[in-house]
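Asks: Residue numbers (this note's numbering): -10 to 221.
Note that CB positions come from ideal geometry on N, CA and C, so glycine has one too.
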Amino acid sequence: MLSSVQLCSPSLLHMLQSVALQEKKLMKGEYAFQEGDQADFLFMIQSGKVQIGKITPDGREITFRICKPEDFICELPLFSDPAPFTVYAKMLETGTIQIISKKDLEEQLILQPHLSIEMLKLMNIQNQQNQSKFRDLVLHGKKGALYSTLIRLTNSYGIEQKDGIMIDLSLTNQELANFCGMTREVVNRLLNELKKEKKLAIVDGHIVIYDLSFLKQEIHCENCPIEICNIF
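1. Put Leu180 into one of helix, strand or coil per three-state DSSP.
2. Helix, strand or coil: which one does DSSP assign to Leu31?
3. Can you tell me whether Gly133 is buried or exposed, with buried defined as 16 or more other CB within 10 angstroms of its CB?
4. Relative to the C-alpha of Lys57, which candidate in Pro66, Ile44, Gln87 has its C-alpha closest?
5. Please return the same chain residues whose Cβ sits closer than 8 Å to the Cβ of Asn162, not counting the five positions on each side in sequence.
6. By Cβ distance below 7 Å, which residues in the same chain neighbour Ile217 in space, the five residues on each side in sequence not counted?
7. Is the Cβ-Cβ distance between Met4 and Leu104 less than 7 Å?
8. In whole angstroms, what separates the C-alpha of Asn219 from that of Asp70?
9. When you compare the CB of Ser145 with every CB in chain B, is at least one pair closer than 7 Å?
10. Going by Cα to Cα distance, which pick from Arg49, Leu94, Ser159 is closest to Asn167?
11. Have a look at Lys17, Gly130, Leu158, Leu111 and flag the residue whose alpha-carbon is nearest the alpha-carbon of Pro66.
12. Helix, strand or coil, according to DSSP, for Ile55 in the structure here?
13. Grouping DSSP H, G and I as helix and E and B as strand, with all else coil, what is Leu195?
14. Using the Cβ count rule (16 or more neighbours within 10 Å means buried), how would you classify Glu211?
15. Helix, strand or coil: which one does DSSP assign to Ser69?
16. Rounded to whole angstroms, what is the Cα-Cα separation between Lys188 and Ile198?
17. Pick out whichever of Ala9, Lys151, Gln150, Thr52 has its Cα sitting closest to the Cα of Glu164.
18. Compute the Euclidean distance between the alpha carbons of Asp60 and Gly130, then round it to the nearest angstrom.
19. Taking the alpha-carbon positions, what's the Ala78 to Phe68 distance?
20. From the DSSP output, which residues share a beta bridge with Leu189?
21. Out of Glu182, Leu10, Ser0, state which residue places its alpha-carbon closest to the alpha-carbon of Asp93.
22. For Ile41, which of Leu31, Arg54, Asp29 has the nearest alpha-carbon?
23. Can you list, in chain order, the residues of its chain whose CB lies under 6 Å from that of Leu1, leaving out five sequence neighbours each side?
24. Could you say which of Gln150, Gly18, Asp157 lies nearest to Glu82 if we only look at CA atoms?
25. Let's test the definition: count the other Cβ atoms within 10 Å of the Cβ of Val192 and tell me whether it reaches 16, buried, or not, exposed.
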């Protein structure tokens, strides 16, 4: 599981926490920020999980990733004029976030250039994650979007079992559809096809992948590094 991979160094974590203006507790379903809010702040997650997503013009909800404790949410360009957020951040669980001023962070990055380089690398990884998701959707359509999401979920929450890999995250078909940018009905149909072909099953509300190699072959998986191919 990717949760064992530390993407943010202790030095960067310490610096981010040191410039935090305040901590704020948010209940499940509350927003840390919404689309259109002024992007003057970054956020560190202390506890709980946060969904980063967007509402399309036709009203569909797209989930880009789920952030966990010690992740920082940087949905704004650094060292540039303030701009509105183009995505939202919603609490999936009740938790606590730290609010970081964009200006204060930029000042610290100037004083500590080695951390500035690390920050740029992390932001580049996030861009690569987004590009890979759009690539799968554009090149392989709806199946590609679902199959690549299932692969990312196994990398992020997968638990090896004798007969397959269980995704240790309870998701409704609507929530899964939000990750893929499609309707629940389409996801239902594609999942039923995979179940009939015995490529996966739903056991006690969790997806169990029986044939991960099939999913990878169908989207011509490029075996991206695990820090790219994940749902975080």
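Replies: So, to answer that:
1. Stepping through the sequence shown from its first residue, residue 180 is reached at position 191. Of the three classes helix, strand and coil, the one that applies to Leu180 here is helix, per DSSP.
2. Along the sequence shown, one-based indexing puts residue 31 at 42. Three-state result, Leu31: strand.
3. Position 144 of the sequence shown, counting from 1, holds the residue named residue 133. Under this definition Gly133 is a buried residue.
4. As a working mapping, residue 57 is identified with position 68 in the sequence shown. Closest by alpha carbon: Gln87.
5. Taking the first residue of the sequence shown as position 1, residue 162 is located at position 173. Arg173, Val176, Asn177, Leu180, listed in sequence order.
6. The residue labelled residue 217 in the question sits at position 228 within the sequence shown. For Ile217, where only same-chain residues beyond five positions count, the Cβ hits under 7 Å are Ile114, Gln117, Gln118, Ser121.
7. The residue labelled residue 4 in the question sits at position 15 within the sequence shown. The residue labelled residue 104 in the question sits at position 115 within the sequence shown. Contact flag set, yes.
8. Mapped onto the sequence shown, residue 219 falls at position 230. Mapped onto the sequence shown, residue 70 falls at position 81. Taking the straight line from one Cα to the other gives about 31 Å.
9. Looking at the structure shown, chain B is missing, and only one protein chain is on hand.
10. To locate residue 167, count along the sequence shown from 1; it is residue 178. If we check each option's Cα against that of Asn167, Arg49 comes out closest.
11. Taking the sequence shown and counting its residues from 1, one reaches residue 66 at position 77. Among Lys17, Gly130, Leu158, Leu111, the Cα nearest to that of Pro66 belongs to Leu111.
12. Sequence index remark: in the sequence shown, residue 55 carries index 66 (1-based). Ile55: strand per DSSP, three-state reduction.
13. Indexing the sequence shown from 1 puts residue 195 at position 206. Note on identity: in this sequence residue 195 is His, with Leu being the wrong assignment. Strand.
14. In the sequence shown, residue 211 corresponds to position 222, counting from 1. Counting Cβ neighbours within 10 Å, Glu211 comes out exposed, since fewer than 16 surround it.
15. On the sequence shown, residue 69 is found 80 positions in, with the first residue counted as 1. Here Ser69 sits in coil by DSSP.
16. Position 199 of the sequence shown holds residue 188. Position 209 of the sequence shown holds residue 198. Roughly 6 Å separates the two Cα atoms.
17. The residue you call residue 164 lines up with position 175 of the sequence shown. Nearest option by C-alpha distance: Thr52.
18. Taking the sequence shown and counting its residues from 1, one reaches residue 60 at position 71. Taking the sequence shown and counting its residues from 1, one reaches residue 130 at position 141. The alpha-carbon atoms of Asp60 and Gly130 are separated by roughly 30 Å.
19. For this step, residue 78 is matched to residue 89 along the sequence shown. For this step, residue 68 is matched to residue 79 along the sequence shown. About 22 Å.
20. Here residue 189 refers to the residue found at position 200 when the sequence shown is read from its first residue. DSSP lists Ile198 as partners of Leu189.
21. Locating residue 93 in the sequence shown gives position 104, where the first residue counts as 1. Residue Leu10 is the option with its Cα nearest to Asp93.
22. Start at 1 with the first residue of the sequence shown, and residue 41 comes out as number 52. Answer by Cα proximity: Arg54.
23. As a working mapping, residue 1 is identified with position 12 in the sequence shown. Counting only Cβ-Cβ distances below 6 Å, and skipping sequence neighbours, we find Leu104, Glu107.
24. Here residue 82 refers to the residue found at position 93 of the sequence shown. Selected option, being the one with the closest Cα: Gly18.
25. Within the sequence shown, numbered from 1, the residue matching residue 192 stands at position 203. Classification for Val192: exposed.
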